[in-house]
Amino acid sequence: MKNIEFIRLIKLKFPEIEFKEIESNDEICLEFRTLYCKSFKFRIWVESLWTTTNLLAILDSEPDSYFWYDEIMFNPSSNDVDDEWIDETKLEIIRALDIFIKRPIRITQRKKWFATSFKCEYYDNKWIDIGKRILFSGGRVPKISGRKKIYD
Numbered sequence: 699m700k701n702i703e704f705i706r707l708i709k710l711k712f713p714e715i716e717f718k719e720i721e722s723n724d725e726i727c728l729e730f731r732t733l734y735c736k737s738f739k740f741r742i743w744v745e746s747l748w749t750t751t752n753l754l755a756i757l758d759s760e761p762d763s764y765f766w767y768d769e770i771m772f773n774p775s776s777n778d779v780d781d782e783w784i785d786e787t788k789l790e791i792i793r794a795l796d797i798f799i800k801r802p803i804r805i806t807q808r809k810k811w812f813a814t815s816f817k818c819e820y821y822d823n824k825w826i827d828i829g830k831r832i833l834f835s836g837g838r839v840p841k842i843s844g845r846k847k848i849y850d
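In our numbering, the protein residues as written are 699 to 850.
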């Protein structure tokens, strides 16, 4: 299945979501909003040669700042990428989209002395951790008052 066909499949599987194709050198780069998230949108991209697949949250108020992301699939060597790897990656993309589109998502930003952390969770009768990222001092992060802010 070529990338165009896979993008078409994603759009058919999630017809309630508008996926915007982003021009890039990547294999796939799609931006989308969900019905549950009011303050941020998502971008999913597959780097060229299908070695890395990432999901990134982009904050509406500060789109160029560092925010939460997660690596869905990672293969350190393009020599190990074959049809089986690509098929597995496509399945993981569909699984991730299924969670991010069909469930409430929240991202919690915590400010510490020398770092800022971002934790992403989805709701399914309780909040379930998806992933956490920590940025040590030096990066551009959203400014918050206090030590904690929850985005939904």
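Quick reminder that beta carbons are idealized off the backbone N, C-alpha and C, glycines included.
By DSSP, does T749 sit in helix, in strand, or in coil? Taking the first residue of the sequence shown as 1, we reach residue 749 at position 51. Of the three classes helix, strand and coil, the one that applies to T749 here is coil, per DSSP.
Say whether the region 701 to 713 touches the region 790 to 802, bearing in mind that this needs 3 or more beta-carbon pairs closer than 8 Å, one atom from each stretch. yes
Endpoints, the alpha helix (DSSP H) within which K709 is located: Position 11 of the sequence shown holds residue 709. Here the alpha helix (DSSP H) through K709 covers 701 to 711.
Would you decide whether D724 is buried or exposed? Buried here means 16 or more other CB atoms lie within 10 Å of its CB. As a first step, residue 724 must be located in the sequence shown, where it is residue number 26. With 16 or more Cβ atoms within 10 Å of its Cβ, D724 is classed as buried.
Of the listed residues S737, S776, E729, nearest to L754 (C-alpha basis): The residue given as residue 754 occupies position 56 in the sequence shown. It is E729.
What is the rounded straight-line gap between the Cα of F740 and the Cα of Y767? Stepping through the sequence shown from its first residue, residue 740 is reached at position 42. Stepping through the sequence shown from its first residue, residue 767 is reached at position 69. Cα to Cα, the separation comes out at about 9 Å.
According to DSSP, L795 sits in a beta bridge with which residue or residues? Translated into positions along the sequence shown, residue 795 becomes position 97. Beta-bridge pairing links L795 to no other residue.
Note down, in chain order, each residue of its chain lying with its Cβ closer than 7 Å to the Cβ of Y820, except the 5 sequence neighbours on either side. Reading the sequence shown from its first residue, position 122 is the one you call residue 820. If we look at Y820 and ignore the five residues flanking it on each side, its Cβ neighbours are I797, R801, P802, I803, I826, I828.
To the nearest angstrom, how far is it from the Cα of S746 to the Cα of L795? Locating residue 746 in the sequence shown gives position 48, where the first residue counts as 1. Locating residue 795 in the sequence shown gives position 97, where the first residue counts as 1. Whole-angstrom Cα-Cα distance: 20 Å.
Within 9 Å, strictly: CB atoms of E714 and L733: For the purposes of this step, residue 714 is identified with residue 16 of the sequence shown, where counting begins at 1. For the purposes of this step, residue 733 is identified with residue 35 of the sequence shown, where counting begins at 1. Cβ distance < 9 Å, so E714 and L733 count as in contact.
Just how far apart, CA to CA, sit I770 and T749? Taking the first residue of the sequence shown as 1, we reach residue 770 at position 72. Taking the first residue of the sequence shown as 1, we reach residue 749 at position 51. The straight-line gap from Cα to Cα measures roughly 11 Å.
By Cβ distance, which residues of its chain are closer than 6 Å to G844, with the 5 residues on each side in sequence left out? Here the question's residue 844 lines up with position 146 in the sequence shown. Nothing meets the Cβ criterion.
For F834 and T787, the rounded distance between their alpha carbons: Along the sequence shown, one-based indexing puts residue 787 at 89. Along the sequence shown, one-based indexing puts residue 834 at 136. The straight-line gap from Cα to Cα measures roughly 30 Å.
Terminal residues of the continuous beta strand (DSSP E) containing G844? Start at 1 with the first residue of the sequence shown, and residue 844 comes out as number 146. Run containing G844: none; DSSP gives neither H nor E here.
Exposed or buried, what is F812 when buried is set at 16 or more other beta-carbons lying within 10 Å of its beta-carbon? Working through the sequence shown from its first residue, we reach residue 812 at position 114. By the neighbour-count rule (16 or more Cβ atoms within 10 Å), F812 is not buried but exposed.
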